[in-house]
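Sequence order for the protein chains is A and B.
Going by our numbering, the first sequence opens with residue 83, and the numbers climb by one from there.
Going by our numbering, the second sequence opens with residue 6, and the numbers climb by one from there.
Structure first, then comments.
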Amino acid sequence: RAISDKELQEMSTEGSKYVNKEIKNALKEVKQIKTQIEQTNEERKLLLSSLEEAKKKKEDALNDTRDSENKLKASQGVCNETMTALWEECKPCLKQTCMKFYARVCRSGSGLVGHQLEEFLNQSSPFYFWINGDRIDSLMENDREQSHVMDVMEDSFTRASSIMDELFQDRFFPRRPQDTQYYSPFSSFPRGSLFFNPKSRFAR
Amino acid sequence: NVMPFPLLEPLNFHDVFQPFYDMIRQAQQAMDAHLQRTPYHFPVTEFTENNDRTVCKEIRHNSTGCLRMKDQCEKCQEILEVDCSASSPTQTLLRQQLNTSLQLAEKFSRLYDQLLQSYQQKMLDTSTLLKQLNEQFTWVSQLANLTQSDDQYYLQVFTVNSHSSDPSIPSGLTKVVVKLFNSFPITVTVPQEVSSPNFMENVAEKALQQYRRKSHI
Chain A
83 RAISDKELQE MSTEGSKYVN KEIKNALKEV KQIKTQIEQT NEERKLLLSS LEEAKKKKED
143 ALNDTRDSEN KLKASQGVCN ETMTALWEEC KPCLKQTCMK FYARVCRSGS GLVGHQLEEF
203 LNQSSPFYFW INGDRIDSLM ENDREQSHVM DVMEDSFTRA SSIMDELFQD RFFPRRPQDT
263 QYYSPFSSFP RGSLFFNPKS RFAR
Chain B
6 NVMPFPLLEP LNFHDVFQPF YDMIRQAQQA MDAHLQRTPY HFPVTEFTEN NDRTVCKEIR
66 HNSTGCLRMK DQCEKCQEIL EVDCSASSPT QTLLRQQLNT SLQLAEKFSR LYDQLLQSYQ
126 QKMLDTSTLL KQLNEQFTWV SQLANLTQSD DQYYLQVFTV NSHSSDPSIP SGLTKVVVKL
186 FNSFPITVTV PQEVSSPNFM ENVAEKALQQ YRRKSHI
């Protein structure tokens, strides 16, 4: 039996209803993902305050470390003889241990590293060793890296969140005029959302 | 309601969805930027087998990695234990203060690293959600370029054929050619008669699946 134009039209209407339903489902899922993004963002904000707190404590401890280090440096001469004598005996052992480790684990360019290490040890002072200078340097280096990484992450997030704010708040989830409680997950200026609200007239 | 409303203008998918798609992509790119730019290797705080590679790198870089091995040399240990209290009582006190603040700073530095890692993970989670959002929306956003006509149907049926009208089609199957919006024609075959109650639902489902698959590709 041939299908009439009217039947084709009815079938088209029927199929369109299904597609319409699927678009609505997609929008619902988008809304769910949006909620998840907001939740993740809340967790991120909590983490950020913990980071700020840890940063403050770390900086205080670093300042104290620097302070003590500077004061100690001012009285470097004391015990220098004892330390220098011990340092002369420490160096060969340190070199040997390090070279063994390097040959066993790192397996490349031992010759070059050996020369560099010798130079490094000869230039280092026992006092630096005594005050754990390597640990202080390592801490300072970490501090610089951590600050840099945090800055870059914050910068990325600020850019991403301003886009997300526009996306979720202004264009696709506009605020109801009667809303008194604004809500904004990302930026500091709260706004409302409406796109998926049943009373929305946005789509029309 | 996203069905066309006859008295008003049809829904313009280009205006509605394309910016959405573009913005999700932009947000995701911004979020991922830091990972591509600065892959942060969280520092090693203790000398263990697991971080050998980092120690090798430190040794190659400026030899400081070797100082991590001081515990294995007796004379090096003795330097750390030198007591200068006899000649300078303040020096001993200062050294104690230094060690205390150093340990504290190391502790907070490790804590900061852990928090930083969690923070980075949260950003990755957000980025993943944006990616999911993008994938979820790609098929709709792709409609942008295909919905420029004023056609009132989302899905239009063009031809319906079964074994009786086309002997090449196996018996019991129905072949339908449809267009979603003004996309390319999509051919779907369903194991049903036109008269079946959910015939069009199955046709539309299959057509949409094909459409989504192709949009995603």
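Here a beta-carbon is modelled for each residue, glycine too, at the ideal position from N, C-alpha and C.
All of these numbers come straight from a predicted model, not from anything done at the bench.
Could you tell me whether any Cβ in chain A is nearer than 8 Å to the Cβ of residue i?
i      : result
B/D3   : Nothing about residue 3 of chain B can be read from this structure; chain B reaches only from 6 to 222.
B/F113 : yes
B/Q161 : yes
B/T69  : yes
B/S201 : no
B/D130 : yes
B/I174 : no
B/V165 : yes
Can you pull the DSSP bridge partners for residue i?
i      : result
B/S167 : B/T179
B/P196 : Beta-bridge pairing links B/P196 to no other residue.
B/V162 : B/V183
B/I191 : B/V183
If you count every other CB in all the chains shown that lies within 10 Å of the CB of residue i, and 16 or more means buried, which is it?
i      : result
A/F183 : buried
A/S86  : exposed
A/G97  : buried
A/S94  : buried
A/N67  : Outside the displayed range of chain A (83 to 286) lies residue 67 of chain A, so it cannot be described from this structure.
A/T147 : buried
B/T118 : Contrary to the premise, residue 118 of chain B reads as Asp rather than Thr in this sequence. Classification for B/D118: buried.
A/R126 : buried
A/N145 : exposed
A/T117 : exposed
A/Q121 : exposed
A/Q228 : buried
B/K180 : buried
B/E86  : exposed
Report yes or no: is there a C-beta of chain B within less than 8 Å of the C-beta of residue i?
i      : result
A/A242 : yes
A/G193 : no
A/M165 : yes
A/N204 : no
A/S131 : no
A/D225 : yes
A/A185 : no
A/D216 : yes
A/K88  : no
A/S157 : yes
A/S94  : yes
A/K110 : no
A/S207 : no
A/K113 : no
Looking at the ligand FMN, does it come within less than 7 Å of residue i, judged from the CB to the closest heavy atom?
i      : result
A/I213 : Looking for the ligand FMN in the displayed structure turns up nothing, as the structure carries no ligands at all.
Could I get the ranges of all uninterrupted alpha helix (DSSP H) runs contained in the segment 147 to 215 of chain A, with 4 residues as the minimum, in chain order? 162 to 183, 192 to 205, 208 to 212
Spell out a yes or no on whether the segment 61 to 74 of chain B and the segment 208 to 227 of chain A are touching, meaning 3 or more CB-CB pairs, one atom from each, closer than 8 Å. Yes, the segment 61 to 74 of chain B touches the segment 208 to 227 of chain A.
Report yes or no: do three or more beta-carbon pairs, one from the segment 202 to 213 of chain A and one from the segment 153 to 170 of chain A, lie closer than 8 Å? Below 8 Å, enough C-beta pairs join the segment 202 to 213 of chain A and the segment 153 to 170 of chain A to call them touching: three or more.
Quick test of the definition: if touching needs 3 or more C-beta pairs under 8 Å, does the segment 220 to 234 of chain A touch the segment 107 to 124 of chain B? yes
Segment contact flag, the segment 174 to 188 of chain A with the segment 73 to 89 of chain B, C-beta cutoff 8 Å, min 3 pairs: yes
Is it true that the segment 229 to 243 of chain A meets the segment 92 to 109 of chain B, where meeting means three or more beta-carbon pairs spaced less than 8 Å apart? The segment 229 to 243 of chain A vs the segment 92 to 109 of chain B: no contact.
May I have a chain-ordered list of the alpha helix (DSSP H) segments no shorter than 4 residues that lie completely inside the segment 40 to 125 of chain B? 57 to 67, 79 to 85
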